[in-house]
Ligand SMILES: O=C(CO)[C@H](O)[C@H](O)COP(=O)(O)O
């Protein structure tokens, strides 16, 4: 099971400080949407150069112009780019085509999806990687990752990531569901000791 550290609501300096402290304990690095909006593709390039051995996820949250945005992310050095599940099927297919050509991957963000039917459709379009996701704003209303796994339960052949306010306390319940990747943002990046937070989470997952 991978740990993906999500770099969100941080400036460039903070992103690299967090990575310096946590890199030994994380497998995948997510350059968050807000960070990309602030710095553009150049920050993905910088992370790629600094961490050539890590899997880099560009959280582009693409919902249109799929081909163009996938090329942008992959050319900057991302291994995986994210696309919203509600996008038009054409957008999904276009990004999958670019990924296939470049030997990269697309992660479909299921934020806001409540019906398994859409997950099944995505699979039929050729999607192989999805993220079960409770967004920041809905986390504030108390929504948790509890029932998210119902969306993919019984649908075979999908690699799953899960995100949304996961903490050291909620991690055991998540790990029990056996996702392939656990995405953790604030619980690492806003911790008093990010290295210790990441180390503890890696330890828990490895148990
Ligand atoms: O995609 C995201 C926000 O849209 C975040 O990467 C994801 O939610 C993880 O961060 P946190 O653990 O702080 O919720």
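Numbering (my numbering), first residue to last: 1 to 207. Think of the CB as a built atom: it goes at the ideal place given N, C-alpha and C, for glycine as much as any other residue. Treat the numbers as computed from the prediction; the structure is a model and nothing was measured.
- Assigned with DSSP and collapsed to three states, residue 129 falls in strand.
- Excluding five sequence positions before and after residue 135, the CB atoms of its chain that fall closer than 6 angstroms to its own CB belong to 111, given in chain order.
- When DSSP reads this structure, residue 184 sits in a beta bridge with 5.
- Out of 59, 151, 182, the CA that lies nearest to the CA of residue 170 is found in 182.
- Between residue 185 and the set 41, 195, 51, the nearest pair of CA atoms involves 195.
- Rounded to whole angstroms, the Cβ separation of residue 188 and residue 198 is 5 angstroms, and the two are in contact under 8 angstroms.
- Scanning 206, 108, 80 for the CA closest to the CA of residue 158 turns up 108.
- A direct Cα-Cα distance of roughly 11 angstroms separates residue 153 from residue 178.
- For residue 105, the pairing in a beta bridge is given by DSSP as 80.
- Going by beta carbons, residue 5 and residue 46 fall outside the 8 angstroms limit.
- Inter-residue distance for residue 122 and residue 85 is about 8 angstroms (C-alpha atoms, whole angstroms).
- In this structure the region 93–107 lies against the region 126–142, because at least three pairs of beta carbons, one per stretch, are closer than 8 angstroms.
- Each residue's CA atom was taken as its position, placing residue 165 and residue 94 some 31 angstroms apart.
- Distance check between residue 204 and each of 191, 50, 172 places 172 closest, using alpha-carbon atoms only.
- Distance from the CA atom of residue 53 to the CA atom of residue 206, rounded to whole angstroms, is 20 angstroms.
- Between residue 66 and residue 48, the CB-CB gap reaches or exceeds 8 angstroms.
- For a cut-off of 8 angstroms, the C-beta gap from residue 147 to residue 162 is around 12 angstroms, too long to register as a contact.
- Residue 56 is bridged by DSSP to 29.
- When rounded, the separation of the alpha-carbon atoms in residue 11 and residue 69 is 22 angstroms.
- Inter-residue distance for residue 39 and residue 192 is about 25 angstroms (C-alpha atoms, whole angstroms).
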